[in-house]
Amino acid sequence: MGLLARYAQLLPLTAATPMVSLEEGNTPLIPLPRVGRELGVELWGKFEGCNPSGSFKDRGMVLAVAKALEAGARALVCASTGNTSASAAAYAAAVGIPCFVLLPAGKVALGKLAQALMYGATVIAVKGNFDKALELARQAADTCGYAMVNSVNPYRLWGQRSGAWEICEALKDAPDWHAIPVGNAGNISAYWAGYREYRRLEHISRLPRMMGFQAEGAAPLVTNEPCPNPETVATAIRIGNPVSAELARAAVAESGGEFNSVTDEEILSAQRLLAAKGGVFAEPASCAPLAGLCKLKATNRLPSGIKVVMILTGNGLKDPDTAMTQVGRPVEIGDSLDELLAILKPGGVS
Ligand code: F0G
72 MGLLARYAQL
82 LPLTAATPMV
92 SLEEGNTPLI
102 PLPRVGRELG
112 VELWGKFEGC
122 NPSGSFKDRG
132 MVLAVAKALE
142 AGARALVCAS
152 TGNTSASAAA
162 YAAAVGIPCF
172 VLLPAGKVAL
182 GKLAQALMYG
192 ATVIAVKGNF
202 DKALELARQA
212 ADTCGYAMVN
222 SVNPYRLWGQ
232 RSGAWEICEA
242 LKDAPDWHAI
252 PVGNAGNISA
262 YWAGYREYRR
272 LEHISRLPRM
282 MGFQAEGAAP
292 LVTNEPCPNP
302 ETVATAIRIG
312 NPVSAELARA
322 AVAESGGEFN
332 SVTDEEILSA
342 QRLLAAKGGV
352 FAEPASCAPL
362 AGLCKLKATN
372 RLPSGIKVVM
382 ILTGNGLKDP
392 DTAMTQVGRP
402 VEIGDSLDEL
412 LAILKPGGVS
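Following the numbering used here, the numbering of the sequence shown begins with 72 at its first residue and continues without gaps.
Next up, the structure:
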């Protein structure tokens, strides 16, 4: 069952809202005992890479697109570092309306670009960063009267609250820490709203600390000023002037959380750790929280024994290029068993 049907009572649906669905949501909350042991915490990864377009964006997009159709929209527009465009293009294809996506030229991971093109969106590469593309997309949506499906669209964040609801249902309460990558700062705000709502409804007994992680080269919420030239290997969060900065600051302040930044090197090392000791392949941006937890642990700022949920926002398969820069190549052999056994026996190539 998709999110609109599953959470109909908690979403702003009317009799006229079409029940759009790609069977999004209901993603696995994966226990990560080997990684957790290293950190001295009880650790889970909410693997949003299992959504139909491979990222958390589908949670909000399904509602934004349903409401756009309800309002009679003829086309969708968005700017994106990649995942929003893949999600918007997927839902546009499913419901049969055109989709225009603006991407920062040359800065979008290959898999995301392939998705938007395969789903049939019109893909426009803008000479400029995401922040510039977003400004253009907003102006274009106004001028053409098309539905803007970036997280400035309130239905996006509303739908994304569902991630918090699912975590609370799986753990029967909120975790101690909620660790999440922060780019345009919508998702952390949506999760906080979701947790607060479940607390108000008395489905949970407490609220988590909201721990937001940014890449050092694109960390406006850590430095407290816009970053004019954001740069990071985690292209999904290569954003210098987050639209939802104020909401995100409130979430962190109200929950007693923190913003922290991590270097690209720390992000990539966390990506390998998660894959090699967790069995989960998440894209670089999604690994900023794990990088941050490792850093907090190393500086004695990670309380031991607490329950931590990391949001693994996107699938690692979206960015094969970055992954391949970090790993070795396959071991090549001819077609003989001897060559193979030389590798398989203890002490062979690992
Ligand atoms: N992780 C991934 C994989 C993302 O794609 C994004 C944002 C974030 C984290 C940050 O979430 O913006 O709500 O703070 N991607 C947007 C996009 C900007 O266009 O796909 P946020």
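The beta-carbon is built from N, C-alpha and C at its ideal position, and this holds for glycine as well. Here the structure is a predicted model, which means the values were calculated and not measured.
>> Can you tell me whether glutamate 95 is buried or exposed? The criterion is at least 16 other CB atoms within 10 Å of its CB, across all chains shown.
In response: On the sequence shown, residue 95 is found 24 positions in, with the first residue counted as 1. By the 10 Å Cβ count, glutamate 95 comes out buried.
> Should lysine 178 be counted as a contact of the ligand F0G given a C-beta to heavy atom distance under 7 Å?
Replying inline: The sequence position of residue 178 within the sequence shown is 107, counting from 1. No - the ligand F0G has no heavy atom lying nearer than 7 Å to the Cβ of lysine 178.
>> For glutamate 329, list the residues DSSP reports as bridge partners.
In response: On the sequence shown, residue 329 is found 258 positions in, with the first residue counted as 1. Per DSSP, Met282.
> Where do the ends of the alpha helix (DSSP H) carrying alanine 164 lie?
Replying inline: Here the question's residue 164 lines up with position 93 in the sequence shown. Unbroken alpha helix (DSSP H) run through alanine 164: 154-166.
> With a cut-off of 8 Å, do at least 3 Cβ pairs link the segment 82-102 to the segment 111-124?
Replying inline: yes
> Taking 7 Å as the cut-off, is the CB of isoleucine 310 close to at least one heavy atom of the ligand F0G?
Replying inline: Locating residue 310 in the sequence shown gives position 239, where the first residue counts as 1. Because some heavy atom of the ligand F0G lies under 7 Å away, the Cβ of isoleucine 310 counts as near it: yes.
> Do the segment 242-254 and the segment 266-279 make contact, defined as three or more Cβ pairs closer than 8 Å?
Replying inline: yes
> Alpha carbon to alpha carbon, how far is cysteine 121 from alanine 137?
Replying inline: Numbered from 1 along the sequence shown, position 50 holds the residue referred to as residue 121. Numbered from 1 along the sequence shown, position 66 holds the residue referred to as residue 137. If I take the Cα positions, the gap works out to 21 Å.
>> Please tell me whether, using a cut-off of 7 Å, the distance from the CB of lysine 128 to the nearest non-hydrogen atom of the ligand F0G is below it.
In response: Here residue 128 is taken as the residue at index 57 of the sequence shown, counted from 1. Lysine 128: yes, Cβ under 7 Å from the ligand F0G.
> Helix, strand or coil: how does DSSP classify serine 357 here?
Replying inline: The sequence position of residue 357 within the sequence shown is 286, counting from 1. It is helical.
>> Once DSSP output is grouped into helix, strand and coil, what is the label at leucine 171?
In response: For the purposes of this step, residue 171 is taken as the residue at position 100 of the sequence shown. This sequence places phenylalanine at residue 171; leucine is not what is there. Phenylalanine 171 falls in the strand class under three-state DSSP.
>> Could you tell me which whole beta strand (DSSP E) segments of length 3 or greater appear in the segment 333-398?
In response: 378-383
>> Beta-carbon within less than 7 Å of cysteine 358's beta-carbon, same chain only, minus the 5 sequence neighbours each way: which residues are those?
In response: Walking along the sequence shown from the start, residue 358 turns up at place 287. Excluding residues within five positions, the ones whose Cβ falls inside 7 Å are Ile338, Ala341, Gln342, Leu345.
> DSSP three-state call for phenylalanine 127: helix, strand or coil?
Replying inline: For the purposes of this step, residue 127 is identified with residue 56 of the sequence shown, where counting begins at 1. Phenylalanine 127 falls in the coil class under three-state DSSP.
>> Please report the straight-line C-alpha distance between asparagine 295 and alanine 235, rounded to a whole angstrom.
In response: For the purposes of this step, residue 295 is identified with residue 224 of the sequence shown, where counting begins at 1. For the purposes of this step, residue 235 is identified with residue 164 of the sequence shown, where counting begins at 1. Their Cα atoms are separated by approximately 26 Å.
> For glutamate 296, is the beta carbon positioned less than 7 Å from some heavy atom of the ligand F0G?
Replying inline: Taking the first residue of the sequence shown as position 1, residue 296 is located at position 225. No, the beta carbon of glutamate 296 sits no closer than 7 Å to any heavy atom of the ligand F0G.
>> Given a cut-off of 8 Å on the beta-carbon distance, is the pair asparagine 312 and glycine 125 in contact?
In response: Stepping through the sequence shown from its first residue, residue 312 is reached at position 241. Stepping through the sequence shown from its first residue, residue 125 is reached at position 54. Against a cut-off of 8 Å, the Cβ pair of glycine 125 and asparagine 312 comes out as no contact.
> So does asparagine 255 have its beta carbon nearer than 7 Å to some heavy atom of the ligand F0G?
Replying inline: Taking the first residue of the sequence shown as 1, we reach residue 255 at position 184. Yes, the ligand F0G has a heavy atom inside 7 Å of this Cβ.
> Would you report the Cα separation of valine 402 and leucine 411, rounded to the nearest angstrom?
Replying inline: Here residue 402 corresponds to residue number 331 of the sequence shown, with the count starting at 1. Here residue 411 corresponds to residue number 340 of the sequence shown, with the count starting at 1. Going from the Cα of valine 402 to the Cα of leucine 411 covers about 10 Å.
> Which residues in the same chain have their Cβ closer than 7 Å to the Cβ of alanine 394, if we skip the five residues on either side of it in sequence?
Replying inline: Here residue 394 is taken as the residue at index 323 of the sequence shown, counted from 1. Result list for alanine 394: Gly387, in chain order.
> Just reading off the alpha helix (DSSP H) that glutamate 410 is part of, what are its end residues?
Replying inline: One-based indexing of the sequence shown puts residue 410 at position 339. Its alpha helix (DSSP H) spans residues 408-415.
> From this set, Asp129, Ala218, Ala356, Val380, which residue's C-alpha is nearest proline 169's C-alpha?
Replying inline: The residue labelled residue 169 in the question sits at position 98 within the sequence shown. Nearest option by C-alpha distance: Ala218.
>> Taking 8 Å as the threshold (C-beta atoms), are glycine 349 and valine 106 in contact?
In response: As a first step, residue 106 is located in the sequence shown; it is residue number 35 there, counting from the start. As a first step, residue 349 is located in the sequence shown; it is residue number 278 there, counting from the start. In contact: valine 106 and glycine 349 (Cβ atoms closer than 8 Å).
>> Measuring straight from C-alpha to C-alpha, what distance separates alanine 204 and arginine 227?
In response: Within the sequence shown, residue 204 is the residue found at index 133, counting from 1. Within the sequence shown, residue 227 is the residue found at index 156, counting from 1. Whole-angstrom Cα-Cα distance: 18 Å.
> So, are the CB atoms of threonine 306 and lysine 198 less than 8 Å apart?
Replying inline: Within the sequence shown, the letter at position 235 stands for residue 306. Within the sequence shown, the letter at position 127 stands for residue 198. Not a contact, by the Cβ cut-off of 8 Å.
>> Can you tell me which residues form a DSSP beta bridge with cysteine 149?
In response: Here residue 149 is taken as the residue at index 78 of the sequence shown, counted from 1. The partner list for cysteine 149 (beta bridge, DSSP) reads Val172.
> Helix or strand or just coil, what does DSSP make of valine 253?
Replying inline: For the purposes of this step, residue 253 is identified with residue 182 of the sequence shown, where counting begins at 1. Valine 253 falls in the coil class under three-state DSSP.
> At which residues does the alpha helix (DSSP H) containing threonine 294 begin and terminate?
Replying inline: If you number the sequence shown from 1, residue 294 lands on position 223. Counting along the chain, the alpha helix (DSSP H) containing threonine 294 begins and ends at 291-294.
>> Mapping the DSSP letters down to three states, classify isoleucine 195 as helix, strand or coil.
In response: Taking the sequence shown and counting its residues from 1, the one referred to as residue 195 is at position 124. Here isoleucine 195 sits in strand by DSSP.
> Relative to the ligand F0G, is the shortest distance from any of its heavy atoms to the C-beta of glycine 153 smaller than 7 Å?
Replying inline: Taking the sequence shown and counting its residues from 1, one reaches residue 153 at position 82. Checking the Cβ of glycine 153 against the ligand F0G gives yes.
>> Between which residues of its own chain and leucine 272 is the CB-CB distance below 6 Å, once the five residues before and five after are set aside?
In response: For the purposes of this step, residue 272 is taken as the residue at position 201 of the sequence shown. Closer than 6 Å at the Cβ level, and outside the excluded window around leucine 272, lies no residue.
> Measuring CA to CA, which of Tyr269, Phe201, Asp406, Gly363 is closest to glycine 283?
Replying inline: Position 212 of the sequence shown holds residue 283. For the residues Tyr269, Phe201, Asp406, Gly363, the minimum Cα distance to glycine 283 belongs to Gly363.
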